[in-house]
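So the protein sequences, as listed, match chains A and B. When you line the first sequence up against the numbering used here, it's residues 1 to 280, in that order. When you line the second sequence up against the numbering used here, it's residues 281 to 720, in that order. Every residue, glycine too, gets a C-beta built ideally from N, C-alpha and C.
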Amino acid sequence: MNNSIKKYFPIFVLPTLAAFIIGFIVPFILGIYLSFCKFTTVTDAEFVGISNYIKIFGDKNFLHSIWYTAAFTVVSVILINLLAFVVAMLLTKGFKGTNIFRTVFFMPNLIGGIVLGYIWQIILNGVLAHYGVTLQFSATYGFWGLIILMNWQQIGYMMIIYIAGIQNIPTELIEAAKIDGATSWQSLKNVVLPMVMPSITICTFLTLTNGFKLFDQNLALTGGGPSHQSEMLALNIFDTFYTKIGYEGVGQAKAVIFFILVALIAFVQLRATRSKEVQQ
Amino acid sequence: MKKKFLSVALCLTMVASLFTGCGSKDDSKKDDSKGKVYYLNFKPEQGDDWKALAEEYTKEKGVEVKVVTAAANTYEQTLKSEMAKTDAPTLFQVNGPVGLATWKDYCYDLKDSDIYKQVKSDDFVLKDGDAVRGIAYVIETYGLIYNKTLLAKYCGLDGAKIADASEINSFAKLKEVADDIQAKKKELGVEGAFTSAGMDGSSDWRFKTHLANLPIYYEYKADGIGSTEAIKGTYLEQYKQIWDLYLKDSTCEPKLLASKTGDEASAEFATGKAVFFQNGTWEYGNITKNGLSDDDLGMLPIYIGVEGEQDQGLCTGSENYWCVNSKASEADIKATLEFLNWCISSDKGRDKIANTMGFVTPFKTFDDGYAAKNPLVKADADYLAAGKTPVSWNFPTIPSEEWKNNLGNALLEYAQGTGKWDAVEKAFVDGWAEQYQATH
């Protein structure tokens with residue numbers, strides 16, 4: 001066994017490893033290097049030390065976008081997971097047409113973010129037009145618009161993961177709880193929830209990182225308006241990089257900070273939910 | 281057995297995927313010594329025309345010409361990522377001195393090129409010391425395009441403020457007429473005097489850049505300068521006047537402006553729902569496509585209420601300069617220069633540029649029978665003939681895109697009532713110094 005692993009190692013690992021190095025490691029290291037440079041195109045850069053990082057702290061929009069993104073992530077993680085779990089519970093009760101419902105709920109996830117953003121922009125602006133305003137009227141509208149959009153898109157996906165988790169719970173456990181006289185609330189809280197903990201870990205991880213990294217939907221829905229007030233982190237980085245002359249390096253430095261932030265939060269979240277998982 | 285089959289299949293797919301990347305490289309047997317041209321075009325309105333012209337050229341000379349048009353408002357970012365590639369654009373555009381500052385290192389010196397020899401005056405080139413870094417290829421004019429038929433109809437109404445369009449020669453008169461049209465919009469069958477002042481990305485440049493040019497122009501003129509590191513905002517009061525007028529006498533509620541696009545404004549004008557439309561000669565194709573004929577179109581200067589403005593003409597200038605990528609290979613540079621020369625000297629090229637694209641160019645080669653037919657261009661010539669002073673394009677001296685964006689945001693917030701005019705002043709004056717410091 002060991003021998004054949006060694007023998008076939010190159011065939012199995014090398015292509016993926018090469019792709020990983022070309023597609024991830026190299027750009028990542030290049031990106032970190034560029035965050036210490038002044039450049040116009042990425043192929044010729046001049047080293048300038050940490051001045052890019054210093055400039056970030058004078059940027060009010062960046063600080064605002066951190067809080068805006070954090071608020072968005074908290075609300076979207078809670079809402080998406082809660083609703084996805086409720087839908088998953090409903091669709092594992094064995095109703096007629098369950099499969100059709102599952103498919104329908106999953107579908108929005110197959111549409112790209114930019115397209116979704118524009119579609120929802122038209123819908124929401126159409127609704128808001130009755131009140132004589134638009135999505136870019138204030139950052140609050142943009143915020144809830146994004147929340148609605150992301151819920152619509154992601155609930156179906158998370159629902160599928162929760163359904164898989166719920167269906168994996170051995171029926172004996174639920175039966176046993178019933179025989180012992182547990183109410184449905186008690187069996188939900190003490191049997192179902194602990195048993196789907198792995199799904200919860202995955203779903204919170206996905207929604208959390210998706211919330212932080214959100215870009216297309218933000219760009220298409222409000223474009224950060226009004227006055228950068230509904231601009232999230234990724235869009236702020238994009239804007240810094242492309243619209244301010246001489247700020248390419250600063251945008252890159254922001255991206256590095258962005259990476260550290262997302263990695264840190266995701267790591268803490270994984271540790272926290274993992275510890276609550278139970279073994280069957 | 282099944283497992284073995286599966287693993288073999290997996291191995292095969294993996295190996296196959298390794299080779300797919302290398303498969304399709306050798307099928308282009310075009311002659312590389314001829315070089316090739318890659319034009320990253322700035323103007324979406326003429327994107328298809330350039331493609332057609334490029335095909336002609338390839339058919340005639342056998343040189344490959346690729347034309348890519350960046351979507352509206354994304355030129356800088358497209359250029360940045362395209363320039364970092366191995367097959368970078370050989371021909372690109374900068375918008376003036378500020379754009380040149382970013383791309384200086386990439387601009388080939390056009391001093392000895394054939395097209396430079398054809399330029400009528402050095403006013404139309406971008407220089408860096410002695411080197412010629414960019415050459416304007418189109419001179420454009422903007423102002424208040426108006427619907428002649430509708431305005432004549434207004435003049436025929438009882439109690440009209442003017443008897444003829446030529447009587448509008450100041451902001452006060454313009455406001456009087458616009459207010460009156462707005463009041464009589466039912467009788468005229470219009471929805472407003474001005475088209476919607478859309479602040480969507482496809483339209484906001486009309487105000488944050490083109491309209492902003494007027495206060496900048498008058499300030500430069502008063503101070504006798506051509507660019508500045510800190511603007512004072514002497515004429516911001518006038519900027520506010522005209523912006524207020526656009527908002528008030530409009531086809532739509534100011535609160536809805538954030539979602540209004542350039543196409544909507546253009547359509548409103550073309551279908552006769554508004555009388556005035558601030559835009560330029562490049563819009564000719566769009567508004568005539570939608571049903572207006574040449575006789576319906578006229579253009580007025582944008583009066584903002586500055587002393588002596590009865591002598592003001594239309595805003596004429598260029599923000600489209602051709603630059604050749606100095607980091608491209610010798611053969612490609614040569615091919616690009618030949619292509620440019622062909623565009624401005626061959627019959628096909630001149631016909632396409634002057635008649636299809638409707639451009640006025642600064643090249644001598646167009647003088648024999650290739651004047652543009654665009655009536656909006658003629659309006660400009662008429663003003664010049666009448667001795668009016670054209671307003672120069674000073675927005676290429678704006679320190680950065682960020683300045684325009686911040687100004688646009690402030691204008692929008694002021695329009696929808698969520699912000700104050702102070703914010704516009706701050707974005708205009710403080711923003712200028714700030715952005716100038718950041719980029720120098």
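In the DSSP annotation of this structure, the continuous segment of the beta strand (DSSP E) that includes Ala411 (chain B) starts and ends at 411-416. Linking Ile496 (chain B) to Tyr601 (chain B) through their CA atoms gives a straight-line distance of about 21 Å. For Leu146 (chain A), there is no enclosing beta strand (DSSP E); the enclosing alpha helix (DSSP H) has its first and last residue at 139-167. Note on geometry: alpha-carbon atoms of Gly481 (chain B) and Gln217 (chain A) lie some 16 Å from one another. With contacts defined as CB atoms closer than 8 Å, Ala177 (chain A) and Val191 (chain A) qualify as a contacting pair.
DSSP places Tyr422 (chain B) in no alpha helix (DSSP H) but in the uninterrupted beta strand (DSSP E) bounded by 420-427. Taking every protein chain shown into account, the CB of Arg413 (chain B) has 16 or more other CB atoms within 10 angstroms, so this residue is buried. Taken through DSSP and simplified to helix, strand or coil, Asp392 (chain B) comes out as coil. The shortest C-alpha to C-alpha distance from Gly711 (chain B) to any of B:Trp701, B:Leu691, B:Asn686 is the one to B:Asn686.
With respect to chain A, the C-beta atom of Glu693 (chain B) has a partner C-beta closer than 8 Å.
Interface criterion not met: the Cβ of Lys38 (chain A) is under 8 Å from no Cβ in chain B.
Contact between the region 103-118 of chain A and the region 168-187 of chain A is not established, with fewer than three Cβ pairs separated by less than 8 Å. Neighbours of Ala129 (chain A) across chain B, judged by C-beta separation under 8 Å: Leu536.
If you look at Phe556 (chain B), you'll find it in the beta strand (DSSP E) that goes 554-560. Taking the C-beta atoms as reference points, Leu580 (chain B) is found no nearer than 8 Å to Ile415 (chain B).
When the beta-carbon positions are compared, Ala547 (chain B) and Met479 (chain B) stay at least 8 Å from each other.
Contact with chain B is found for Thr41 (chain A), since one of that chain's Cβ atoms lies less than 8 Å from the residue's Cβ. Contacts with chain B (Cβ-Cβ distance below 8 Å) from the region 127-160 of chain A involve Ala129, Gly132, Val133, Thr134, Leu135, Gln136, Phe137, Ser138, listed in chain order. According to DSSP, residue pairing for Asn605 (chain B) in a beta bridge involves B:Cys387. Within a 10 Å sphere around the beta-carbon of Ile584 (chain B) sit 16 or more other beta-carbons, which makes this residue buried.
Chain-order list of chain A residues neighbouring Gln696 (chain B): Phe137, by C-beta distance under 7 Å. For Phe474 (chain B), the three-state secondary structure derived from DSSP is strand. For Cys203 (chain A), the enclosing alpha helix (DSSP H) covers residues 197-213. The region 83-100 of chain A makes contact with the region 153-163 of chain A, as at least three CB pairs between them are under 8 Å. Closest in C-alpha terms to Glu248 (chain A), from the list A:Lys55, A:His64, A:Ile29, A:Ala19, comes A:Lys55. The contact set of Thr243 (chain A) on chain B, defined by CB atoms closer than 7 Å, consists of Glu681, Glu682, Asn685 in chain order.
The C-beta distance from Asn125 (chain A) to Leu135 (chain A) rounds to 6 Å, short enough to meet the 8 Å contact threshold.
With respect to chain A, the C-beta atom of Asn375 (chain B) has no partner C-beta closer than 8 Å. Gln252 (chain A) and Leu494 (chain B) have their C-alpha atoms spaced approximately 36 Å apart. Of all residues in the region 220-237 of chain A, those with a C-beta nearer than 8 Å to a C-beta of chain B are Gly223, Gly225, Pro226, Ser227, His228, reading in chain order. For Gly49 (chain A), the CB contacts under 7 Å within the same chain, skipping 5 residues up- and downstream, are Phe36 in chain order. Rounded to the nearest angstrom, the Cβ distance from Phe619 (chain B) to Val345 (chain B) is 6 Å, consistent with a contact under 8 Å. Within chain B, the residues placing a beta-carbon under 7 Å from that of Gly246 (chain A) are Ala718, Thr719, ordered along the chain. With a cut-off of 8 Å on Cβ pairs, the region 646-657 of chain B is not in contact with the region 497-512 of chain B, counting fewer than three such pairs. In this structure, A:Leu219 is the residue among A:Leu219, A:Leu233, A:Lys254, A:Thr98 with its C-alpha nearest to the C-alpha of Gly145 (chain A). Residues of chain B whose Cβ lies closer than 7 Å to the Cβ of Asn125 (chain A) are, in chain order, Ser539.
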